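Colleague: Dropping a structure here in structure tokens format, bear with me for questions.
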Amino acid sequence: MWRTNLASAEIDTRLLGTVGAIAVIWIGFHIWSGGDFLTARNLWNLSVQSTSIAIMATGMVLIIVSRNIDLSVGSLLGFLGYVMAMVQVEWLPKTLDLGYGHWYVWLVALAVGLALGAICGLIQGFLVGYAKIPAFIVTLGGYLVWRGLIFRFKQGQTLSPLDKTFKLIGGGPKGSLGDWKSWTLGALACLAIVAGIVVARRRRQRYELAVRATWIDATLAVLGCLVVLGAVAVSNSYHWPPNLATQYAEEHGITEPAGGLQISTGIAYPVVILIGVTLLMTYLARRRRFGRYVYAIGGNPQAAELGGINTRRIIMFTFMLMGILCAVSAAVQTARLDSAVTNLGVQNELDVISAAVIGGTSFAGGV
């Protein structure tokens with residue numbers, strides 16, 4: 029009976045298995061840590077620390093689906109983060125006399141990082157798509173080249189501090205939405221979940237396809253909203269450190285209550301960035317021609333090319349997109365650390381590939 033209900037609900041049983049395994053692991057860690065793992069503080073920190081990997085994993089899915097691999101993402105992240113730090117610490121202050129805290133320093137640094145990430149990805153994509161060099165060889169070379177370039181600039185010195193506005197990208201108490209903005213985002217997410225289920229149901233009815241039972245759609249909507257609102261509640265239950273809250277009260281002329289000022293941190297900016305990137309990548313993969321072409325290439329490259337798909341260009345653009353996502357992750361990582369170090373992104377490629385594969389992506393490519 030339960031298998032029939034799962035089939036009618038169109039729920040991936042592999043996803044349920046993964047979620048169940050994660051739940052068991054988390055409970056085990058919570059018991060092992062003496063009750064410290066499943067706390068608001070720890071879960072909030074984990075959500076921020078894992079965003080850079082998750083952002084790159086959204087692009088790695090398309091890379092693997094197209095029957096390729098990218099071993100250079102960790103080194104490229106470190107290289108791009110180092111360049112963005114140099115823009116803020118070295119280049120702009122010396123060339124344009126834009127000192128620490130200038131209002132558009134962070135914008136220039138971010139634009140340079142995104143553009144350079146696209147160029148680096150485009151180079152690797154060209155070698156894979158047009159020069160027909162295996163992606164393993166190209167990206168293994170990139171793994172060494174991008175890491176070596178970090179030491180070429182400033183002999184690998186640590187660069188800090190970064191622009192105060194740029195640092196907000198990395199999260200922290202001030203790099204978060206706060207209480208009411210987090211609840212607003214959660215409410216909008218719930219509305220989007222309900223609207224998505226309703227629209228999908230009406231689309232099936234319009235094309236006379238099988239429609240799920242109403243109670244199944246209602247259950248999925250309720251569960252989705254509970255997960256979202258639960259995540260918001262956990263984020264808001266993590267408060268600013270007492271000394272930072274006291275400093276905030278003094279700066280804004282607020283009288284602290286006897287028990288101290290409690291300021292909810294809310295959802296961190298890196299998590300908001302991850303949500304936006306995930307929605308955009310999902311849209312590209314499922315709703316745009318580019319995504320369909322990537323899946324077609326992964327399913328059968330020869331048939332895709334004979335069908336009129338420019339497979340070389342699609343593969344090149346896939347790697348370019350991966351480079352842009354590496355730049356976004358680099359911005360989050362360097363901003364969170366408030367510095368650029370030589371070992372930034374080391375071994376991240378293994379985490380990114382693992383995240384994509386554990387999420388259900390097959391190394392065989394295709395759907």
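Read in order, the letters of the sequence shown are residues 29 to 395 in the working numbering.
Beta carbons: idealized from backbone N, C-alpha and C, even for Gly.
The structure presented is a predicted model; accordingly, all values stated were derived computationally and were not measured.
#1: Can we say the stretch 132–144 touches the stretch 386–395, given the rule of at least three CB pairs closer than 8 Å?
#2: Cα-Cα, which of A358, I325, G258 and G224 is closest to M344?
#3: Distance check for A85 and I295, CA to CA, integer angstroms please.
#4: Measuring CB to CB, does V111 end up less than 8 Å from L144?
#5: Can you give, in chain order, each stretch of the beta strand (DSSP E) that sits fully within the stretch 99–139 and has at least 3 residues?
#6: Check for me: the alpha helix (DSSP H) holding K209 runs from which residue to which?
#7: Look up A368 in the DSSP assignment and give the residues it is bridged to.
#8: Which same chain residues, not among the five before or five after G109, have their C-beta less than 8 Å away from its C-beta?
#9: Determine, using beta-carbon pairs with one atom in the stretch 72–92 and one in the stretch 272–286, whether at least three such pairs fall under 8 Å.
#10: Relative to the C-alpha of S382, which residue among L99, Q116, T193 and F164 is closest?
#11: What did DSSP end up calling H267 once you bin it into helix, strand or coil?
#12: Please work out which residues of its chain come closer than 6 Å, Cβ to Cβ, to W208, disregarding the five sequence neighbours upstream and downstream, and give them in chain order.
#13: If you check the beta carbons only, do G351 and A217 fall under 8 Å apart?
#14: Assuming the contact rule is C-beta atoms closer than 8 Å, L205 and L196 should be a hit. Round their C-beta distance to whole Å, please.
#15: Just grab the DSSP bridge partners of A296 for me.
#16: Do you know how far the Cα of N96 is from the Cα of A163?
#17: How about A68 and V262: do their beta carbons lie closer than 8 Å?
#18: Where does E284 fall in DSSP's three states?
#19: Apart from the five residues just before and just after T167, which ones in its own chain have a Cβ nearer than 7 Å to its Cβ?
#20: Distance, Cα to Cα, S292 vs L254?
#21: Identify whether R340 lies in helix, strand or coil by the three-state DSSP scheme.
#22: I'd like the span of the alpha helix (DSSP H) that includes G327, first residue to last.
#23: Could you say which of L74, D64 and G45 lies nearest to R364 if we only look at CA atoms?
#24: If you draw a straight line from the C-alpha of T46 to the C-alpha of F57, how long is it?
#25: Can we say the stretch 316–331 touches the stretch 114–126, given the rule of at least three CB pairs closer than 8 Å?
#26: If you drop the 5 nearest sequence neighbours on each side, which residues of the same chain put their C-beta closer than 6 Å to that of A273?
#27: For I161, which three-state DSSP category applies?
#28: Let me check understanding here. Comparing Cα to Cα, which of I91, P121 and L43 lies closest to V380?
#29: Could you say which of E284, L44, V305 and L104 lies nearest to V173 if we only look at CA atoms?
#30: Using the three-state DSSP reduction, which class does D247 fall into: helix, strand or coil?
#31: Alpha carbon to alpha carbon, how far is V117 from R180?
#32: Can you give me the Cβ contacts of N264 inside the same chain, cut-off strictly under 8 Å, excluding the 5 residues immediately before and after it?
#33: Quick check: W134 and D191, are their CB atoms within less than 8 Å of each other?
#34: What is the C-beta distance between C198 and P298, in whole angstroms, given that I count them as a contact (C-beta under 8 Å)?
#35: Quick one: is N376 buried, meaning 16 or more other Cβ sit within 10 Å of its Cβ, or exposed?
Modeller: So, to answer that:
#1: no
#2: I325
#3: 21 Å
#4: yes
#5: none
#6: D207 to R234
#7: L187
#8: G141, A358, A359, Q361, T362, A368, L372 and G373
#9: no
#10: L99
#11: strand
#12: none
#13: no
#14: L205 to L196, Cβ: 11 Å. No contact.
#15: S204
#16: 6 Å
#17: yes
#18: coil
#19: I97, D98, L99, S100 and Q152
#20: 20 Å
#21: helix
#22: R317 to G327
#23: L74
#24: 16 Å
#25: no
#26: L289 and I291
#27: coil
#28: I91
#29: L104
#30: According to the sequence displayed, residue 247 carries Thr and not Asp. Note: T247 maps to helix in three-state DSSP.
#31: 16 Å
#32: D207, S210, W211, S292, T293 and G294
#33: yes
#34: Per the sequence shown, the amino acid found at residue 198 is Gly instead of Cys. Contact holds; Cβ gap of about 6 Å.
#35: buried
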